[in-house]
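Reading through the structure tokens given below for one structure.
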Ligand SMILES: CC(C)(COP(=O)(O)OP(=O)(O)OC[C@H]1O[C@@H](n2cnc3c(N)ncnc32)[C@H](O)[C@@H]1OP(=O)(O)O)[C@@H](O)C(=O)NCCC(=O)NCCS
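Numbering (the working numbering), first residue to last: 29 to 207.
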């Protein structure tokens with residue numbers, strides 16, 4: 029398995045992976061919602077605010093993660109959000125998701141990113157270092173329908189100070205249906 033960054037020439041393949049994976053796990057409506065979300069992320073997010081990592085085996089796409097910028101107006105630390113993540117249905121539970129996430133986090137750390145958040149199942153994301161955070165600790169950019177799924181981790185040694193002020197996400201994430 030190898031990890032590839034970016035999405036040039038692979039945009040449609042990535043969108044299809046997310047539609048298929050989320051349709052299988054959560055139904056066709058969710059598949060369409062997440063497919064539109066990742067297409068929008070790739071089409072509208074400035075390059076410096078988006079990292080995309082994919083796992084490949086012999087040119088077959090097995091999984092993909094998106095990391096986009098979250099801006100805290102009164103905090104000069106750099107924050108990214110991991111969302112969404114998909115692993116091909118017939119290859120799930122073989123470690124690909126965790127490998128991809130750890131690879132993406134390592135890249136963020138090397139790029140000087142200070143803190144990363146995500147929004148999902150705490151049981152799954154705790155396997156890659158995330159822990160639950162409150163909205164007093166870090167405000168979410170939109171209203172959380174599932175506050176228990178608001179998770180984060182510091183990428184710089186032991187800096188667990190709360191993030192100050194209101195936050196803004198990239199335009200593709202600025203959709204209440206995703207929160
Ligand atoms: C969630 C997902 C990304 C996990 O990737 P994966 O490659 O299957 O997971 P891994 O092999 O890295 O990790 C497997 C472990 O996580 C657990 N796990 C997998 N999916 C889980 C989920 N949705 N909730 C809780 N735990 C989960 C497994 O039980 C397993 O636990 P174990 O190591 O204790 O046995 C993948 O299953 C997927 O694409 N699901 C559909 C889309 C989705 O829900 N994406 C996440 C929200 S953005």
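Ideal Cβ placement from N, Cα and C applies to all residues, glycine included.
Item, Value
"Of the residues 171, 49, 78, 89, the one placed nearest residue 147, counting alpha carbons only", "171"
"Contiguous beta strand (DSSP E) assignments of at least 3 residues, all confined to the region 126-179", "143-147"
"Residue 157 Cβ short of 7 Å to ligand 1 heavy atom set", "no"
"Separation of residue 184 from residue 140, as counted between CA atoms", "9 Å"
"Counted within 10 angstroms of its Cβ, other Cβ atoms place residue 190 as buried (16 or more) or exposed", "exposed"
"Start and end residues, beta strand (DSSP E) containing residue 59", "Element bounds for residue 59: not the beta strand (DSSP E) but the alpha helix (DSSP H), 56-72."
"At least three beta-carbon pairs within less than 8 Å, the region 112-122 to the region 31-46", "yes"
"For residue 59 and residue 99, the rounded distance between their alpha carbons", "28 Å"
"N- and C-terminal bounds of the beta strand (DSSP E) containing residue 100", "88-100"
"Cβ-based burial, residue 173 [other Cβ within 10 Å; buried from 16]", "exposed"
"Residue 201 (DSSP reduced to helix, strand or coil)", "helix"
"Given residue 95 as reference, the closest of 167, 75, 53 once Cα atoms are compared", "75"
"Closest by C-alpha distance to residue 202, when choosing among 168, 177, 188, 187", "168"
"Three-pair Cβ contact test at 8 Å for the region 76-90 versus the region 118-131", "yes"
"Identity of the residues DSSP links to residue 78 by a beta bridge", "96"
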